[in-house]
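Remarks on the structure that follows.
Number of protein chains: 2
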Amino acid sequence: MANIHDVAKAAGVSISTVSYALSGKRSIGEETRRRIADAVRELGYRPNAGARMLASTRTNIFAVTAPLHSGTYEPAHMAFVLAVTRAARAYDYDVLLLTEDEATKGLRRVAASRLVDGVIVLDVSKDDERTKLLRELDIPAVVIGIPDDTEELVCVDLDFRAAAEQSVRRLADLGHRRIGLLGHPEQIYARGSNFPHRFRAGFLDAASALGVDAAFAMPGHGPVGVRAALDELFEKQPDMTGLVLNCEEPIQASVLDILADRGVRVPEDLSVISACSSFDTTRFHPPLDVIPLVAAETCVRAVELVVEQIAGAEGPHVELVPPHYSEHGSTAPVPDLRDAR
Amino acid sequence: MANIHDVAKAAGVSISTVSYALSGKRSIGEETRRRIADAVRELGYRPNAGARMLASTRTNIFAVTAPLHSGTYEPAHMAFVLAVTRAARAYDYDVLLLTEDEATKGLRRVAASRLVDGVIVLDVSKDDERTKLLRELDIPAVVIGIPDDTEELVCVDLDFRAAAEQSVRRLADLGHRRIGLLGHPEQIYARGSNFPHRFRAGFLDAASALGVDAAFAMPGHGPVGVRAALDELFEKQPDMTGLVLNCEEPIQASVLDILADRGVRVPEDLSVISACSSFDTTRFHPPLDVIPLVAAETCVRAVELVVEQIAGAEGPHVELVPPHYSEHGSTAPVPDLRDAR
DNA sequence: CTGAAAGCGCTTACAG
DNA sequence: CTGAAAGCGCTTACAG
Numbered sequence: 001m002a003n004i005h006d007v008a009k010a011a012g013v014s015i016s017t018v019s020y021a022l023s024g025k026r027s028i029g030e031e032t033r034r035r036i037a038d039a040v041r042e043l044g045y046r047p048n049a050g051a052r053m054l055a056s057t058r059t060n061i062f063a064v065t066a067p068l069h070s071g072t073y074e075p076a077h078m079a080f081v082l083a084v085t086r087a088a089r090a091y092d093y094d095v096l097l098l099t100e101d102e103a104t105k106g107l108r109r110v111a112a113s114r115l116v117d118g119v120i121v122l123d124v125s126k127d128d129e130r131t132k133l134l135r136e137l138d139i140p141a142v143v144i145g146i147p148d149d150t151e152e153l154v155c156v157d158l159d160f161r162a163a164a165e166q167s168v169r170r171l172a173d174l175g176h177r178r179i180g181l182l183g184h185p186e187q188i189y190a191r192g193s194n195f196p197h198r199f200r201a202g203f204l205d206a207a208s209a210l211g212v213d214a215a216f217a218m219p220g221h222g223p224v225g226v227r228a229a230l231d232e233l234f235e236k237q238p239d240m241t242g243l244v245l246n247c248e249e250p251i252q253a254s255v256l257d258i259l260a261d262r263g264v265r266v267p268e269d270l271s272v273i274s275a276c277s278s279f280d281t282t283r284f285h286p287p288l289d290v291i292p293l294v295a296a297e298t299c300v301r302a303v304e305l306v307v308e309q310i311a312g313a314e315g316p317h318v319e320l321v322p323p324h325y326s327e328h329g330s331t332a333p334v335p336d337l338r339d340a341r
Numbered sequence: 001m002a003n004i005h006d007v008a009k010a011a012g013v014s015i016s017t018v019s020y021a022l023s024g025k026r027s028i029g030e031e032t033r034r035r036i037a038d039a040v041r042e043l044g045y046r047p048n049a050g051a052r053m054l055a056s057t058r059t060n061i062f063a064v065t066a067p068l069h070s071g072t073y074e075p076a077h078m079a080f081v082l083a084v085t086r087a088a089r090a091y092d093y094d095v096l097l098l099t100e101d102e103a104t105k106g107l108r109r110v111a112a113s114r115l116v117d118g119v120i121v122l123d124v125s126k127d128d129e130r131t132k133l134l135r136e137l138d139i140p141a142v143v144i145g146i147p148d149d150t151e152e153l154v155c156v157d158l159d160f161r162a163a164a165e166q167s168v169r170r171l172a173d174l175g176h177r178r179i180g181l182l183g184h185p186e187q188i189y190a191r192g193s194n195f196p197h198r199f200r201a202g203f204l205d206a207a208s209a210l211g212v213d214a215a216f217a218m219p220g221h222g223p224v225g226v227r228a229a230l231d232e233l234f235e236k237q238p239d240m241t242g243l244v245l246n247c248e249e250p251i252q253a254s255v256l257d258i259l260a261d262r263g264v265r266v267p268e269d270l271s272v273i274s275a276c277s278s279f280d281t282t283r284f285h286p287p288l289d290v291i292p293l294v295a296a297e298t299c300v301r302a303v304e305l306v307v308e309q310i311a312g313a314e315g316p317h318v319e320l321v322p323p324h325y326s327e328h329g330s331t332a333p334v335p336d337l338r339d340a341r
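As structure tokens, then:
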């Protein structure tokens, strides 16, 4: 392995000139630059990562901490890990993955050993032990998701409350007065994931603000559990004409199967909105109106915020990414209104 | 941040003694050890990762390279990433995640800069560009999966051929003489994933060796595509009595739905085996006999093999993890045999 | 059982 | 525009 001395010798310059030529931190003569570039290429030189870390006090590594306990639905979380990793590369950062019990223990470890320049926190619960740790750790960090206590933290996430409000408003604007929310399975709320609570709260608040009657139910396991939750909603509101789905893909697919089985037409009999979904709802039958949960936008912003902190800017604050509603034909004016015409 | 000099001063010893006390690489006096331990605790000392890398030429980081292109079914791949990460921690290694186009570019980068001590290659295709790169790179590496050309490589994987053979033998032993294999969607084979090919080849070879007629079909998209593939199998062999599923969870679930719809009883009318599945087949109705694809065992072995290479042992070779058949009541003697009793 | 010192390969003031 | 040198914080022969 060639080192910086080999390059300097081959190019006939000092090692500092090589270093500056590579970092671009000072201007280099045309001829010198060329000779260095040639030497680097011929020797296949790459700066040694450890030496660089030690000398520069930068590692160019982020920790991504994500418990990813088996209960979490992986495709959605995986999308965030990938999106963060891709966004990090745009700033020349690599990503170290801390999962399961290492999500907390490893965070302490890599922060204390200065293995990483910053931290991105995924899959945060309402009362997440990592947020407390971050406050002691004094390392640039961004939380994706909004825990209950955001003090001293930089947080960024899709605005789930606004997304819920948008869904309700959409239905209300179409004249619906009895609507339902099919949420995530009970365990998700119990474990304290932050966003399902935010969505549900936003949904109920918006409904009451807009004078719409709202019911809420959580699916049990498998198609049977989904059926039970739907039954619960229709029992609470027999004349329910609008349904918002805030749950994972298999459950939403199951809902559409069950509705089809029962001859409930979407949107003629029931308007359905898929809210904060990280998958493609246009492949459903019928395609569903959706407020997408786009990992990319949030993760790019999160990486930007860590980078800014590393550069010394940015104080603690919460940043909400606005949701966007996409129509795909699964909502329509409330049936009896049309009948009344 | 306290450094090793602070600890040495506080403990009244030299920095080399601190270093040795922490690494355990030479014996330390009882009293000295205690004073160092106290100083470390009081100062919250953690060795600086960059300094350690530079001095020791070890980084204690593995690269995990996994393209994870959107077509891959994430839960299965995620399980491998998690299993490798967990296994790596047992040897005090962290994991750097290289995905998408970085799976190859990043591999070159982190190897050349000595950011990682070793590499674990996931999601390898039959003709994977990373295998060629590994041969030039001269870095300890283990491939999980078996590419077409394994020269100079260390590879480890579940023995998919043996798993296929076990499935066929199981059915043959029960008297089945017409069996089918429902594989992965066509794109998976086309993209060159290595294991579906190995399974299919093993299946067809075993069938012909055991004198069993075998048909193969690939599901299209969604329940409709699965239905078509099943139709294809039953068309090719109207008297098919055994079915092996080597595909992802949603497809297997769909198969069982369709069979139930058609009144095909499992196992009375059709024996079904779920082969090389990384999910829980006992939650299906009915629970399926399964040869599990356990990420843990393969990944633990992969990490061991990298660690051994780093230590200087281990030449290139291919290691196959033997499959294990679990009965859950979805196979039975062939129907006409029982009727004939 | 312990210490003084070299050295890992960079970056970055300092100097010209 | 370029160089000589200090220094980042460790590990590990070398020596006793």
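First to last, the sequence lines map onto chains L and U. The first sequence begins at 1 in the UniProt record's numbering and counts up one residue at a time. The second sequence begins at 1 in the UniProt record's numbering and counts up one residue at a time. Ideal Cβ placement from N, Cα and C applies to all residues, glycine included.
Beta-carbon gap between residue i and residue j smaller than 9 Å
i, j, result
"L/Thr131", "L/Val116", "no"
"L/Arg178", "L/Gln237", "yes"
"L/Pro219", "L/Cys247", "yes"
"U/Val64", "U/Leu43", "no"
"U/Asp92", "U/Asn48", "no"
"residue 349 of chain L", "L/Ala206", "Examination of residue 349 of chain L is not possible in this model, given that chain L is present from 1 through 341 alone."
"U/Ala90", "U/Val264", "no"
"L/Ile251", "L/Val226", "yes"
"U/Leu181", "U/Ala214", "yes"
"U/Gly87", "U/His77", "What sits at residue 87 of chain U in the sequence shown is Ala, not Gly. It is not a contact, given that the beta carbons lie outside the stated cut-off."
"L/Arg114", "L/Thr32", "no"
"U/Asp94", "L/Leu96", "yes"
"U/Leu107", "U/Leu68", "no"
"U/Val119", "U/Ala141", "yes"
"L/Ile144", "L/Asp157", "yes"
"U/Leu230", "U/Val168", "no"
"U/Gly50", "L/Arg161", "no"
"L/Ala275", "L/Phe199", "yes"
"L/Asp159", "L/Pro322", "yes"
"L/Ser278", "L/Ala295", "yes"
Endpoints, alpha helix (DSSP H) assigned at residue i
i, result
"L/Phe216", "It is not in any alpha helix (DSSP H) - L/Phe216 instead sits in the beta strand (DSSP E) that spans Asp213 to Ala217."
"U/Leu171", "Phe160 to Asp173"
"U/Ile251", "Glu249 to Asp261"
"L/Leu43", "Glu30 to Leu43"
"U/Ile139", "U/Ile139 -> no alpha helix (DSSP H), and no H or E assigned at all."
"L/Lys126", "Taken as a continuous stretch (DSSP letters only), L/Lys126 belongs to no alpha helix (DSSP H), as it is neither H nor E."
"U/Pro223", "Gly222 to Lys236"
"U/Ala10", "Ile4 to Ala11"
"U/Thr17", "Ile15 to Ser23"
Residue of the options minimising C-alpha distance to residue i
i, options, result
"residue 347 of chain L", "L/Thr298, L/Glu304, L/Thr241 and L/Ile273", "Outside the displayed range of chain L (1 to 341) lies residue 347 of chain L, so it cannot be described from this structure."
"U/His176", "U/Arg161, U/Pro196, U/Leu243 and U/Glu165", "U/Leu243"
"U/Gly333", "U/Ala275, U/Val143, U/Ala172 and U/Glu308", "Looking at the sequence itself, residue 333 of chain U is Pro, so the reference to Gly does not match. Out of U/Ala275, U/Val143, U/Ala172 and U/Glu308, U/Ala172 has the C-alpha closest to the C-alpha of U/Pro333."
"L/Arg35", "L/Ala55, L/Ser56, L/Asp6 and L/Met53", "L/Asp6"
"L/Val318", "L/Val154, L/Pro185 and L/Glu186", "L/Val154"
"U/Pro267", "U/Leu256, U/Cys276, U/Ala275 and U/Ser277", "U/Leu256"
"U/Leu305", "U/Pro316, U/Ala10 and U/Val224", "U/Pro316"
"L/Ser125", "L/Ala190, L/Ala112 and L/Phe160", "L/Ala190"
"residue 365 of chain U", "U/Glu308, U/Ser326, U/Ser254 and U/Leu259", "As displayed, chain U neither begins before 1 nor continues past 341, which places residue 365 of chain U out of reach and without an answer."
Any non-hydrogen atom of the ligand FMN closer than 8 Å to residue i Cβ
i, result
"L/Ala55", "This structure lacks the ligand FMN, and indeed carries no ligand of any kind."
Run of the beta strand (DSSP E) containing residue i, from where it starts to where it stops
i, result
"U/Ile120", "Gly118 to Val121"
"U/Ala55", "Element bounds for U/Ala55: not the beta strand (DSSP E) but the alpha helix (DSSP H), Ala49 to Ser56."
"L/Gly242", "Gly242 to Leu245"
Inset, instruction - Let me know the alpha helix (DSSP H) ranges lying completely inside the stretch 60-100 of chain U, each 4 residues or longer, listed in chain order. - result: 74-89
Inset, instruction - With 7 Å as the C-beta to C-beta threshold (strictly closer), list the residues of the stretch 219-253 of chain L near chain U in chain order. - result: none
Legend entry - Contacting positions in the stretch 117-142 of chain U - beta carbon closer than 8 Å to chain L: none
Legend entry - Residues, ordered as in the chain, of the UniProt domain "HTH lacI-type" (2-56) of chain U that lie near chain L by beta-carbon distance below 9 Å: Gly44, Tyr45, Arg46, Pro47, Asn48, Ala49, Gly50, Ala51, Arg52, Met53, Leu54, Ala55 and Ser56
Legend entry - Every unbroken beta strand (DSSP E) within the stretch 247-331 of chain L, with a cutoff of 3 residues, ordered by chain: 271-277, 289-292 and 317-321
Inset, instruction - Kindly provide the ranges of any beta strand (DSSP E) runs that are 3 or more residues long and lie completely inside the stretch 171-212 of chain L, ordered along the chain. - result: 178-182
Inset, instruction - Note down, in chain order, all residues in the stretch 296-310 of chain U with a beta-carbon under 8 Å from any beta-carbon belonging to chain L. - result: none
Legend entry - Where the stretch 82-102 of chain L meets chain U: residues whose CB sits under 7 Å from a CB there: Leu82, Thr85, Arg86, Arg89, Asp94, Val95, Leu96, Leu97, Thr99, Glu100 and Glu102
Inset, instruction - Output, in sequence order along the chain, the residues in the stretch 175-206 of chain L whose CB is closer than 7 Å to any CB in chain U. - result: none
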